[in-house]
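Here the sequence shown is numbered in my numbering, starting from 101 and rising by one per residue.
One structure is given below, encoded as C-alpha cells.
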Amino acid sequence: MNPIFEDLQAILISDCYKASLPYTLVANPDSEQLATERLQLDTELNVEFENLAAMFPNSCSLEQLVTFYHNQQADIKTESNDAVSRLALNVTDNFEVHAYEVNCIISYYEQQHCDLTKRVKASLSLLKAALTQPELVKTGSDSYSKYRASRYLSTKAKNIMQKWYDDELR
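Structure (C-alpha cells):
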C-alpha cells in the first residue's frame, strides 16, 4: 500500500475516534463571515416578523411561524453547545487542532442557522402573499387549485366537476 494513503488513513482514523466529525475532511470554514451573515439574515427576518405582526395582529399562522423559527433556533443552539461540549471532552495537546475543530463546529451550526433563516424567510413571503391576497387562498369549492385549474379547463369541464363535487357532498 502507498505510504501516503497509510498516513491519510491514520489521520482519518484518529480524527474519527476523537470526534464525531472527521475535521480533516472539512474545508477550513470562515465562522466569522457566517456569523455576520446569520446576524444580518436574523435581523431582516425579525423586522419582517414585526411588520407583518403590526399589519395582522391576530394571525395564528404568523404566530405559528414565529414560534417554529424560535424553537428551531433554540434546537440549533443546543446542538451546537452539545457538540462543543463533546469536543471539550476530547481535548488534544495541539491547541491549533482544537481551535480548528471548534471553528468547524461553530461554522457548521452557523450554516444550519443561515439555512433555517432562509427557509423561514421564504415561508414568510408565502404567508405574506396569502395574508395580503386572500382571494388566492380560499377554502371549499373556490380553492386555490380551482383558481389555477380555471386557466386550463373549459367552462364545461369546470361545470361537470363542480356538479360532481356538489353531488358528493350530499
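Glycine included, each C-beta is placed from N, C-alpha and C at the ideal position.
Is it the case that the Cβ atoms of residue i and residue j are separated by a distance below 8 Å?
i, j, result
"S159", "L231", "yes"
"L216", "Q172", "yes"
"A153", "L139", "no"
"L187", "V202", "yes"
"S185", "I206", "no"
"K256", "L141", "no"
Buried or exposed, going by whether 16 or more other CB atoms sit within 10 Å of the CB of residue i?
i, result
"L269", "exposed"
"A183", "buried"
"H213", "buried"
"Y169", "buried"
"E210", "buried"
"V147", "exposed"
"L226", "exposed"
"F149", "buried"
"L189", "exposed"
"S243", "Because the pLDDT at S243 is just 47, under 50, the model does not fix this residue reliably, and the point stays unresolved."
Which of the three DSSP states, helix, strand or coil, is assigned to residue i?
i, result
"F156", "coil"
"I260", "helix"
"S180", "helix"
"D242", "Note that D242 scores a pLDDT of 47, beneath 50, so its modelled location is shaky; the value from the coordinates is reported in the next line. Three-state result, D242: helix."
"N146", "helix"
"Q233", "coil"
"S254", "coil"
"D266", "helix"
"D215", "helix"
"N194", "coil"
"T124", "With a pLDDT of only 48 at T124, under the threshold of 50, the placement of this residue in the model should not be trusted, and no figure is reported."
Just to check my reading of the structure: residue i and residue j have Cβ atoms closer than 8 Å, yes? What is that Cβ distance to the nearest angstrom?
i, j, result
"L145", "K221", "5 Å"
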